[in-house]
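All remarks here apply to the structure that follows.
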Ligand code: NAD
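Numbering (UniProt numbering), first residue to last: 1 to 355.
Here it is in C-alpha cells:
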C-alpha cells in the first residue's frame, strides 16, 4: 500500500525543515513497512519565481491527485509588494486551502517541562506539561458569511453557521478527544450571539454520540483569560473560525517557540499538514531552523490521513526524547548550546531507528 503525498517545501526555511521531515519519513517507512509516493510541487514565492503564480496549475494538479498535502511554509519580503492575488499568502496558501475545501484546523499546543522558560507564563502556572489541541472551524463563520458590506460610513459582516457546519467540526473535535484525554471545551459567545446559541445546542447534540467524552462550555472572553491562567485544564478546545483564529495564536504564544508547533487542516478527502509558523526569513538558509514543527506535522499526517499510528507515535517519542534529553536548536536553547537543523534531523532519525 503506497500513500500519495504532495510535497510543497515553499519558501524561506520551508525547504530546510522539509528535507529533515522527509528523512524521518524514509526511516519510518522502512521501520513500519509502508511506502509513500512523493510528488514535489512549487508554491508561494518559489511558485511565483518559477511559474509566474504562487499556486501554479501543475501544483494544483499534484495536490488534487494526492491523498494528503505536506507543506513547508510560504512568503518572505521578496514577494511582499506583489498585487494581492499574486502574493504567496493570498494567491498561494489561501487559494490552496480553498482548493482543498479545508474545514477544520487542528493545532496542538505543548509546553514541555524542560522548555518552561521559553513560555511567557510563570512557573507557578506551569506545574505540569501543557498539552492540548485547538480545533478551529475553518470554512464558515464571520470570515465567509454573506452578506458583507463596506461603505464609507458603514460596514458589516455576517457570522452565519448552519447546523451541519457545526456538526462536522464538532465531530472532528470529539474524534480527536477520543484518542486523547476525552475532554472537550467548546468556546463560544452564547450569552450574546445567535450563531453561538446554535453552535452550543448542536455541540451538545453531537456530544451525545460520544458518551465517554466530557463536554464543557466557555465564553470566548473567559477562554482567552483561562489560557493564560490555567492552560493545564484543557484537552481539546473546539471553537469557531474567528475565535479559533485568535485563541490558536494565543496558544502558540504561550508555548514559546513556533518551531515546535505542527498543524493539520482537514478536508473532506485531502488534508493539509504544515508547521504553525511561517517561512522565518530572518533565519532562512542558515541550517539553524527547528525542524520539529515540520516533523510533528508529518506525525499528524501519518496518523490522521493514513492511520499509521505506530509510526506517528515513534516520531513523537523521538521528539520527546530529544527535547527532554537536552537536544536544542537555537530557538529552544534558552541561551545554551544549540545544534543545527540537520543535526536535529540526524538525532531524530537515529532515535526512531534505535527504538
Ligand atoms: P514566522 O512564523 O515566519 O516567524 C516568526 C518568528 O518565529 C521568527 O523569529 C522566526 O525565526 C521564528 N520561527 C518560526 N519558525 C521557526 C522554526 N521552525 N525554527 C526556529 N524559529 C522559527 O512569522 P513572520 O516573520 O511574521 O512571517 C514571515 C513570513 O512567513 C511572512 O511572509 C508571512 O506571511 C509568512 N507566513 C507564512 C505562514 C505559512 O506558511 N503558513 C504562516 C505565517 C506567516
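Glycine included, each C-beta is placed from N, C-alpha and C at the ideal position.
Going straight from the alpha carbon of residue i to that of residue j, what length do you get?
i	j	result
residue 202	residue 284	45 angstroms
residue 319	residue 259	12 angstroms
residue 54	residue 15	16 angstroms
residue 325	residue 63	37 angstroms
residue 24	residue 349	6 angstroms
residue 95	residue 243	22 angstroms
residue 133	residue 327	24 angstroms
residue 344	residue 143	38 angstroms
residue 31	residue 310	10 angstroms
residue 89	residue 97	11 angstroms
residue 27	residue 149	52 angstroms
residue 65	residue 56	15 angstroms
Just to confirm before moving on: does the CB-CB distance between residue i and residue j stay below 9 angstroms?
i	j	result
residue 257	residue 108	no
residue 271	residue 238	no
residue 189	residue 219	yes
residue 235	residue 175	no
residue 104	residue 265	yes
residue 278	residue 74	yes
residue 116	residue 123	yes
From this set, the options, which residue's C-alpha is nearest residue i's C-alpha?
i	options	result
residue 141	254, 341, 281, 194	194
residue 250	343, 224, 86, 269	224
residue 424	121, 273, 317, 348	No statement about residue 424 is possible, as the shown extent of the chain runs from 1 to 355 and does not include it.
residue 329	321, 339, 322, 335	339
residue 2	99, 35, 173	35
residue 298	273, 288, 321, 317	273
residue 162	106, 99, 146	146
Quick check: is any heavy atom of the ligand GDP less than 8 angstroms from the C-beta of residue i?
i	result
residue 241	As presented, the structure is devoid of the ligand GDP, carrying the ligand NAD as its sole ligands.
Taking 8 angstroms as the cut-off, is the C-beta of residue i nearer than that to any heavy atom in the ligand NAD?
i	result
residue 13	yes
residue 258	yes
residue 100	no
residue 17	yes
residue 74	yes
residue 283	yes
residue 134	no
residue 195	no
If residue i sits next to residue j, beta carbons under 8 angstroms apart, how far is it from one beta carbon to the other, in whole angstroms?
i	j	result
residue 213	residue 183	7 angstroms
residue 47	residue 92	6 angstroms
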